[in-house]
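Worksheet for the structure shown next.
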């Protein structure tokens, strides 16, 4: 039986816009109005899941948290949700963040050891995680030059951006392929 590989990562988006080059008519410089001195943020945890050599099985899952940091209880709940959603064995692959190696996560892995195994990326290798490319796409494409005035608007825009990305299976496959993993290569 083939396991589903679940690549997991977290990120955060601040209220300040991520400014990108844009086109405007000559002499009409675009203005981005933003709320100053705001430290409000949206934190997200997400996963790209697929079976090896089966690009059609690819799926993306995520959770958005306003004004919270992603800590062990949030990670545990996210993994529990993956266990409910995905059938069969799951191989979790994520970075070496302390949260991922916490007591709560180890207890969860032990409790579900028949279905769940954890693996870690090498240290300082974010380019290997396909989810990093998803976050990059969200921030630099979907939310580029977006300057919300309130945290709820930022959370809604982030959700809309992630939902449109997760519907595009070709884009999700490209994130995995860009990571350099020979994940979808056919068997010889």
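In the numbering used here, the protein residues as written are 17 to 204. Heads up, the beta-carbon is just placed ideally off N, CA and C, and yes, glycines get one too. From a predicted model like this one, the values you see are computed outputs, not experimental measurements.
Tell me, please, which residues DSSP counts as bridged to residue i.
i: residue 110; result: 136
i: residue 70; result: 67
i: residue 76; result: 64
i: residue 30; result: 57
i: residue 160; result: 34
i: residue 81; result: 59
In chain order, what residues of the same chain lie with their CB nearer than 8 Å to the CB of residue i, ignoring the 5 residues before and after it?
i: residue 46; result: 38, 40 and 161
i: residue 143; result: 195 and 196
i: residue 104; result: 17, 18, 19, 20 and 131
i: residue 78; result: 60, 61, 62, 63, 178 and 182
i: residue 187; result: 153 and 181
i: residue 74; result: 64, 65, 66, 185, 188, 189 and 192
i: residue 100; result: none
Less than 6 Å between C-beta atoms, sequence neighbours within five positions excluded: which residues of the same chain meet that for residue i?
i: residue 23; result: 64, 109, 145, 146 and 147
i: residue 158; result: 177
Going by DSSP in three states, residue i sits in which element: helix, strand or coil?
i: residue 45; result: coil
i: residue 199; result: coil
i: residue 154; result: helix
i: residue 204; result: A caution first: residue 204 carries a pLDDT of 42, below 50, which makes its placement in the model too unreliable to give a value.
i: residue 96; result: helix
i: residue 128; result: coil
i: residue 103; result: coil
i: residue 86; result: coil
i: residue 20; result: strand
Apart from the five residues on each side of it in sequence, which residues of its chain come closer than 7 Å, Cβ to Cβ, to residue i?
i: residue 92; result: 120, 121 and 124
i: residue 170; result: 29, 31, 58 and 164
i: residue 166; result: none
Please look up how many angstroms separate the CB atoms of residue i and residue j, rounded, as I've assumed it's under 8 Å.
i: residue 58; j: residue 88; result: The Cβ separation is near 19 Å, so there is no contact.
i: residue 136; j: residue 111; result: 7 Å
i: residue 150; j: residue 76; result: 7 Å
i: residue 56; j: residue 26; result: At roughly 17 Å, the Cβ-Cβ gap does not stay under 8 Å, so residue 56 and residue 26 are not in contact.
i: residue 98; j: residue 106; result: 6 Å
i: residue 174; j: residue 80; result: 6 Å
i: residue 155; j: residue 34; result: 5 Å
> Hey, which unbroken runs of the beta strand (DSSP E) at 3 residues or more fall wholly within the segment 163-194?
Replying inline: none
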